[in-house]
Amino acid sequence: MTATERFVVLGLAHPRSAWFRDLGHWATSGVLPAEFVKCLSAEEVRARLGAGRSFSALVADATLPAVDRDLLGATRAAGCSALIVDDGRTPRDWLALGAAAVLAPSFNRDCLLAALTAHARPIARGEARSGSLTTGSEARAPTGWRCPVAVFAGPGGTGVSTASIALAQALGDDVRHAGLVCLADLRLHAEQAMLHDARDIVPSIQELVEAHRSGEPSAEEVRAQTFAVVERNYHLLLGLRQARFWAALRRRAFDATFDSLQRAYRVVICDTDADLEGEDDGGSVDVEERHVMARTATSRASVVFAVGLPSMKGVHALVRVMSEILAFGVPPGRIVPVVNFAPRSPRARAGLTAAVAELVAPAVARATPDTVESLSSPVFLIERKVDGDLHDGARLPAVLGAPLAGAFTAVVDRSAVGRQEAVPERVRPGSLGRWADPDPEAASGG
């Protein structure tokens, strides 16, 4: 550290916390080479982090409800380390949530200086922000195996939710998945609870996301937040109780929730909205946060089923949805058009296939200008009366789920999504044990 450098530290705690007062005294008296900026709320922390000034670290009190995964993620994204002062009353794995280190409430000046030296960087006077501590926009890098994901999207009234139920039932019957198939209702106006006649509306996606704000639930705890649909051999994760409750879903917490679902199940099937608009499209952060469920699921999808009807308007709406999915960044080979209430005539089906391919071709060309990748062939679902089956909680006709399961398996096998890859994993000091001391007799040959 040079003479023109010092640590610039943000503090977030109860105003009467002893360590909060001591830290300010150390900074003002000069015994700690730091500039201390007190914050009274998490919103003030976010505002200061987004103001363009560089900060070395955030020292936050673990007992505050606002100190969660999203605040730590925003801190890291701003190039600032997070140090948590934890008294141990609420056991949480702060390192897994994104903290750089954990301090006891009785820490002294030397302990804090050692933590700042190890995990933060000093700031020169007048220095602007140099960037994030992480590569990319996310602090989390998926490690290990994650299950494949199927996403269903389409205009209202096309049978999107029913098609997702049919696929969940077909994959649930497959013994290779061991019954670990999850159907997640990720629509703003959730309807799977109605289609399954769910008498209890909790737990739902809201409770599961809340659990990930300040923790890492195990696979068993994640499955406990779902309902077992015994007749169809899958688990159901209920959606939002009201569409306006999307504001309770923090982006990083939902991202961690989706990651936990992929680790807890063999297949995750998502019933989502077709609207993927984000900040880059309309300039609104609120709109992107409103669509966090659909955007997250689509970005991780192994297969995206775009559902439409065989009418003139139905084909037009189907092509529009497919074009938006392509513009979002999904490769054409992972998009499977689904024509519900399809005609039985081979000639009519061939005409629909040609029409969809011709109309969506410009969007494919814009999405993949340097490669030639074709869309999957459409899946045609014939008309079946399923209202009675849904009302009685009975199984849907197998003829609806079989073609969807075949298309899902073909796309996953072709793209090799969901297979385990060798990726780096963070190792904590001391978690791997230590090398044993060599045997002196063996070393001497005795």
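Anchor point for the sequence shown: position 108 equals 89 in this note's numbering, and the numbering is continuous, going up by one each time. Beta carbons: idealized from backbone N, C-alpha and C, even for Gly.
Proximity to residue i [Cα-Cα], best of the options
i, options, result
"Arg325", "Glu364, Ala287, Glu202 and Val319", "Glu364"
"Leu(-9)", "Ala323, Arg34, Leu340 and Asp351", "Arg34"
"Leu242", "Ala229, Pro291, Glu202 and Val317", "Glu202"
"Arg307", "Gly31, Leu257 and Ala348", "Going by the sequence as given, residue 307 is Leu instead of Arg. Among Gly31, Leu257 and Ala348, the Cα nearest to that of Leu307 belongs to Ala348."
"Ala102", "Leu76, Arg57, Cys251 and Leu385", "Note that residue 102 is Arg in the sequence shown here, rather than Ala. Minimum Cα distance to Arg102 is reached at Arg57."
"Val337", "Asp370, Arg376, Lys294 and Gly369", "Lys294"
"Glu245", "Arg231, Arg330, Ala200 and Leu(-7)", "The amino acid occupying residue 245 in the given sequence is Ala; Glu does not appear at that position. Closest option to Ala245, Cα to Cα, is Ala200."
"Pro291", "Leu230, Arg168, Val360 and Arg232", "Val360"
"Glu212", "Ala147, Arg(-3), Leu13 and Leu52", "Ala147"
"Leu164", "Ala209, Ile182, Ala287 and Arg180", "Ala209"
"Ala344", "Ile316, Ala234, Gly289 and Ala329", "Ile316"
"Arg168", "Ala179, Arg232, Ala224 and Leu217", "Ala224"
"Asp49", "Asp68, Gly60, Asp74 and Cys61", "Asp74"
"Arg233", "Asp51, Ala47 and Gly31", "Asp51"
"His297", "Val311, Ala275 and Val320", "Val320"
"Ala229", "His6, Ala47 and Thr390", "Ala47"
"Arg127", "Ser10, Asp178, Phe88 and Ala237", "Ala237"
"Met274", "Ala8, Ala171, Ala331 and Asp373", "Ala171"
"Pro14", "Arg222, Arg106 and Ala77", "Arg106"
"Val40", "Val183, Thr207, Cys61 and Arg330", "Cys61"
"Asp487", "Ala346, Leu221, Gly264 and Gly5", "Missing from the structure shown is residue 487; the chain here goes from -18 to 427 and no further."
"Asp155", "Gly69, His177 and Ala379", "Ala379"
"Phe88", "Asp3, Glu339, Val302 and Val300", "Asp3"
"Met175", "Gly374, Pro327 and Arg395", "Gly374"
Contact belief for residue i with residue j at Cβ below 8 Å, rounded distance in angstroms
i, j, result
"Phe429", "Thr277", "Given a span of -18 to 427 for the chain in the structure shown, any question on residue 429 remains unanswerable."
"Ala43", "Val66", "6 Å"
"Val(-11)", "Ser22", "About 19 Å; that fails the 8 Å criterion."
"Ala255", "Ala134", "4 Å"
"Ile104", "Glu(-14)", "7 Å"
"Leu377", "Asp368", "That pair is no contact at about 11 Å."
"Glu354", "Pro313", "5 Å"
"Ser358", "Thr334", "7 Å"
"Ala77", "Glu188", "Incorrect: roughly 20 Å between the Cβ atoms, too far for contact."
"His272", "Leu217", "Going by Cβ atoms, the distance from His272 to Leu217 rounds to 22 Å, so no, they are not a contact pair."
Residues of its chain near residue i, where Cβ-Cβ distance is below 6 Å and the 5 sequence neighbours each way are ignored
i, result
"Val162", "Ala149, Leu152, Gly153, Tyr215 and Val248"
"Ala282", "Val130 and Val132"
"Val266", "Glu260"
"Ala82", "Leu64, Ala96 and His100"
"Ser185", "Leu219"
"Cys251", "Val132, Ala165, Leu167 and Ala278"
"Arg194", "Asp49, Arg50 and Ala234"
"Gln401", "With a pLDDT of only 46 at Gln401, under 50, the local geometry of the prediction cannot be trusted, and the value read off the model is given with reservation. Once the five neighbours on either side are set aside, the close Cβ partners of Gln401 are Trp126."
"Pro136", "Ala298"
"Lys366", "none"
Sheet register partners of residue i (DSSP bridge)
i, result
"Ile250", "Ala131 and Leu164"
"Ala209", "His216"
"Leu84", "Val66"
"Gly79", "Answer by DSSP bridge pairing: none, since Gly79 is not bridged."
"Ile104", "Arg(-13)"
"Gly5", "For Gly5, which the question treats as bridged, DSSP gives no partner whatsoever."
"Val16", "In the sequence as presented, Val is not what sits at residue 16; that position holds Glu. Beta-bridge pairing links Glu16 to Val(-11)."
"Val285", "Val132 and Ile316"
Contact set for residue i: own chain, Cβ-Cβ below 7 Å, skip 5 residues either direction
i, result
"Val393", "Pro129, Ser283, Val284 and Gly399"
"Pro350", "none"
"Ala159", "Arg247"
"Phe309", "Leu257 and Thr279"
"Cys92", "Leu84"
"Ser304", "Val341 and Ala344"
"Gly79", "Arg50, Leu53, Gly54, Arg57, Ala63 and Ala120"
"Arg90", "Trp7, Val12 and Leu13"
"Gly5", "Phe17 and Lys19"
Same chain only: Cβ atoms within 8 Å of residue i, ignoring 5 sequence neighbours per side
i, result
"Pro384", "Val360, Phe361 and Leu362"
"Cys20", "Leu(-9), Gly(-8), Leu(-7), Val26 and Arg29"
"Phe1", "Gly(-8), Ala(-6), His(-5), Lys19 and Asp42"
"Thr116", "Because Thr116 carries a pLDDT of 34, less than 50, the predicted location of this residue cannot be relied on, and the following value inherits that uncertainty. Same-chain partners within the cutoff: there are none."
"Gly140", "Val288, Asn321, Phe322 and Leu362"
"Ala(-1)", "Pro86"
"Arg144", "Note on residue identity: the sequence assigns Ala, not Arg, to residue 144. Hits under 8 Å: Phe133, Phe286, Val288, Val319, Asn321, Leu362, Leu381 and Leu385."
"Arg110", "Unreliable placement is indicated for Arg110, whose pLDDT of 48 sits below 50; the coordinate value is still reported in the next sentence. Once the five neighbours on either side are set aside, the close Cβ partners of Arg110 are Gly33, Arg34, Ser35, Ala59 and Gly60."
"Arg231", "Asp49, Arg50, Asp51, Val190 and Arg194"
Every unbroken beta strand (DSSP E) within the region 295 to 382, with a cutoff of 3 residues, ordered by chain: 316 to 321 and 360 to 362
Ordered list of beta strand (DSSP E) runs contained in the region 19 to 66, each at least 3 residues: 38 to 42 and 62 to 66
Uninterrupted alpha helix (DSSP H) stretches inside the region 233 to 280 (no shorter than 4 residues): 260 to 263, 266 to 271 and 273 to 280
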